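Here the sequence shown is numbered in our numbering, starting from 7 and rising by one per residue. Single-structure report; data block below.
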Amino acid sequence: MKIRGIFLSIVVAIVVTASAAGQGSPSPLTIRLQPFLSGLSLPVQVTSARNGSKRLFVVQQRGIIRVVQPGTNVFTDFLNISSVVSSSGNERGLLGLAFHPQYSTNRRFFVYYTRQADGAIEIAEYQASSSNPNQADSTPVRTIITIPHPSFSNHNGATVAFGPDGFLYAGTGDGGSGNDPQNNAQNINVLLGKFIRIDINTPVGQSPAYNIPPTNPYAGTVPGADEIYAIGMRNPYRFSFDRGGTNQLWVGDVGQDAIEEVDIITVGGNYGWRVYEGTNCTGNDPTLCNPSNYIPPVFQYANAGARCSVTGGVVYRGTQNTFPNGTYLHADYCTGEIFTWNGTTQTMLLDTPRLLSSFGEDEDGEVYVTGLSGTVDKIVRAKASADFDGDFRTDLSVFRPSEGRWILLFANGAGLIQQFGLSGDQPVSEDYDADNISDIAVYRSSNNGWYILRSSNSTVDTITFGLEGDIPTQGDYDGDARADVAIYRPATGTWWIRRSTSPGNFSAVRFGVATDIPAASDYDGDGKYDICVYRPSEGIWYRINSLNDSFFAARYGIEEDIPAPGDFDGDGRSDLVLYRPSQGIWYSFLSANSSSLATRWGISTDIPVTGDYDGDGRDDIAVFRPGPGAQWYILRSSNGSMLATQWGTTGDIPVPRYDAP
7 MKIRGIFLSI VVAIVVTASA AGQGSPSPLT IRLQPFLSGL SLPVQVTSAR NGSKRLFVVQ
67 QRGIIRVVQP GTNVFTDFLN ISSVVSSSGN ERGLLGLAFH PQYSTNRRFF VYYTRQADGA
127 IEIAEYQASS SNPNQADSTP VRTIITIPHP SFSNHNGATV AFGPDGFLYA GTGDGGSGND
187 PQNNAQNINV LLGKFIRIDI NTPVGQSPAY NIPPTNPYAG TVPGADEIYA IGMRNPYRFS
247 FDRGGTNQLW VGDVGQDAIE EVDIITVGGN YGWRVYEGTN CTGNDPTLCN PSNYIPPVFQ
307 YANAGARCSV TGGVVYRGTQ NTFPNGTYLH ADYCTGEIFT WNGTTQTMLL DTPRLLSSFG
367 EDEDGEVYVT GLSGTVDKIV RAKASADFDG DFRTDLSVFR PSEGRWILLF ANGAGLIQQF
427 GLSGDQPVSE DYDADNISDI AVYRSSNNGW YILRSSNSTV DTITFGLEGD IPTQGDYDGD
487 ARADVAIYRP ATGTWWIRRS TSPGNFSAVR FGVATDIPAA SDYDGDGKYD ICVYRPSEGI
547 WYRINSLNDS FFAARYGIEE DIPAPGDFDG DGRSDLVLYR PSQGIWYSFL SANSSSLATR
607 WGISTDIPVT GDYDGDGRDD IAVFRPGPGA QWYILRSSNG SMLATQWGTT GDIPVPRYDA
667 P
């Protein structure tokens, strides 16, 4: 009765909180860097072959390309050309990698580097081994093009990429020093300070090793170098094509002293350098400062304070709704700030400690960043389970069946009571509307109804899905950032999933036996829940990985254990985690380093309630201790401290809850 008195005393104070903190106001876009790789040497690019293998490739500046298998953070050497690459000077080295659009059948790829002998820019063709797809033949097929470079070590460009037209594009720097002393960028007879475009679908042995696309602006008899696509670049270090319907070529052109700019490159365009830096006339050639002769940046920002060098990025077209579709991501190398551009506004989303050398996409369009000090991180939306107020921290939440009430305590001390549900309902809170806020929801087995109170607009969605005896296993199985309605049917050992991407269809997968406990979570780090069961009679976890439909089995646990999976090491993959009531011990098998950890935290009557209560991107060990003065005990991963809070009473069901109903 004392607990209920506390609840009633706060209900008036939180009437406004109900809409401001989780029931009607979407949470602002907040991102995190999720550690993916470390221990690299000067990584300058991360990319994929887009051949269905789901592998990632990391270019290291001193001449080695690493390959990473899907679902792992283990890398091996794909190609080592350090003997031919010049890495003297901080802007030289192996800088770019592009896979042929038909790589899956022809195994061809192309690298962009500065040559050891003289610092010239070279693009060369290599081929993956016919016997081992994770290794490349160390001998080049041929050199495609060599571009002489002055003795200055800076402004070498970096990126090489295939456009939607099938041609190979490269962005070259102006030759170095400062203010383009040789005026290369405006000279149509040299290839420095340019975008070039060539057709490399030519027979091996042909000289030169490429043809000229006939629509290049100086092709044929037109005065100027045939290879040129656009002119007036200072150092277009990173560029990318929008993989969406626009196919636009976006580039970050590094400024001199005042302006960092982002351009959309079109055939025949002149982007102003060295006459203009952004929209500022430089004074290098004052008589040429006529803005109508040049294409201005899409946007620019001041080279001021610690900001010094734009790192061009990508237009987001991923599957996991990490950003609004069409958002352009970019960074400042010196500050480590990650920005977005939405067509009108540049917004700084995250200030990182990294020297951000590039952005890259996996085959699903999700975005990674390389840190020159040796890291690759995945950019993910900040989120937490049972987060009802959108602060990216799990809230203390219980569902009281006897009253059909949800009783929530937010991390900021505010609370909320929401009438939603009936006696016998099971709480199935998840983010069903993709607004970064968990929705209040129940599963009513008496009529197989799912009732979802959407936090985005306070409407109720009612879905009939399931049978008597089914166990709800809600989660994001299709990777669109919206929870799917799903159940595990012990009677037949079958999973039934209604994906939000195709709500008119459902999938049925026979995987399990009657005594199994469903333990679905994202174990392979692809943004989609994997079908998984824990079989107490054997102490074995059985799983189907959504990444590649592979099967996994691991002996970890005993019959009495309760599975409570979560990402305790912050690597983006759920760990095998169990709570053993008889000992009050948590047993964790961490995916990041395959280590086991045992933590004493709880007693026999406790219910595990794994969640990210401190907002550090890693799940915390936590238990709900039922009783008249129900307690929550949380071991914070961020600092190792304990949080103990009285919240709830006898009969309450904590959310999240991991023991099978």
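Glycine included, each C-beta is placed from N, C-alpha and C at the ideal position. All values derive from a computational prediction rather than experimental measurement.
- In this model, S543 and A520 are separated by some 11 Å (Cα to Cα).
- Beta bridge pairing from DSSP links R411 with R406, Q425.
- Each residue's CA atom was taken as its position, placing W607 and L174 some 58 Å apart.
- Secondary structure note for T111: its alpha helix (DSSP H) is the uninterrupted segment 109 to 112.
- In the DSSP annotation of this structure, the continuous segment of the beta strand (DSSP E) that includes M648 starts and ends at 648 to 652.
- Under the three-state reduction of DSSP, L255 is assigned to strand.
- Residue range 373 to 377 is occupied by the beta strand (DSSP E) that includes G377.
- No residue range can be given for D124, since it is assigned to no beta strand (DSSP E) and is classified by DSSP as neither H nor E.
- Looking at the DSSP output, C538 bridges to R549.
- Under a 10 Å Cβ-count criterion, V228 is classified as exposed, with fewer than 16 other Cβ atoms of the shown protein chains found around its own Cβ.
- Remark: C-beta atoms of D431 and L62 do not approach each other more closely than 8 Å.
- In terms of Cα proximity to A191, the closest of S92, G545, G179 is G179.
- In this structure, the alpha-carbon of R360 lies about 14 Å from that of V316.
- Contact check for T341 against R313 passes: the beta carbons are separated by less than 8 Å.
- The criterion of a C-beta distance shorter than 8 Å is not satisfied by A526 and I546.
- Burial state of F105 is buried, judged by a 10 Å Cβ sphere holding 16 or more other Cβ atoms.
- Q108 has its alpha-carbon roughly 35 Å from the corresponding atom of P156.
- The C-beta of I609 has fewer than 16 other C-beta atoms within 10 Å across all chains shown, which makes the residue exposed.
- The C-beta separation of P569 from Y540 comes to about 4 Å, placing the pair in contact by the 8 Å criterion.
- Per DSSP, the continuous beta strand (DSSP E) segment holding H336 begins and ends at 334 to 338.
- Collapsing the DSSP output to three states places N463 in coil.
- Residue burial is scored here from C-beta neighbours: T656 has fewer than 16 other C-beta atoms within 10 angstroms and is therefore classed as exposed.
- In the assembly as shown, S363 is a buried residue. Its beta-carbon has 16 or more other beta-carbons within 10 Å.
- Beta-bridge pairing by DSSP links I568 to Y585.
- Taking a C-beta distance under 8 Å as the contact criterion, W279 and G238 qualify as a contact pair.
- The continuous beta strand (DSSP E) containing R387 extends over residues 381 to 387.
- Counting other Cβ atoms within 10 Å of its Cβ, N551 reaches 16 or more and is therefore classed as buried.
- Judged by beta-carbon spacing, G531 lies beyond the 8 Å limit of G481, meaning their Cβ atoms are not closer than that value.
- Close CB contacts of V320 within its chain, under the 7 Å cut and outside five residues either way in sequence, are with S246, L335, F365, E367, V373 (chain order).
- In summary, F557 is exposed, with fewer than 16 beta-carbon neighbours lying within 10 Å of its beta-carbon over all protein chains present.
- If you draw a straight line from the Cα of G182 to the Cα of D484, it comes to about 47 Å.
- Residue pairing by DSSP places V491 opposite R504 in a beta bridge.
- If one requires a minimum length of 3 residues, the beta strand (DSSP E) runs lying completely within the region 583 to 631 are 591 to 596, 601 to 606, 627 to 631, in chain order.
- Across the structure, I640 and E131 are spaced so that their CA atoms are roughly 55 Å apart.
- Residues of the same chain with a CB within less than 7 Å of the CB of I270, apart from the 5 flanking positions on each side, are Q254, L255, W256, V304 in chain order.
- The beta carbon of C538 lies closer than 8 Å to those of P524, A525, A526, S527, Y529, W547, Y548, R549, I550, P571 in the same chain, with the five residues before and after it left out.
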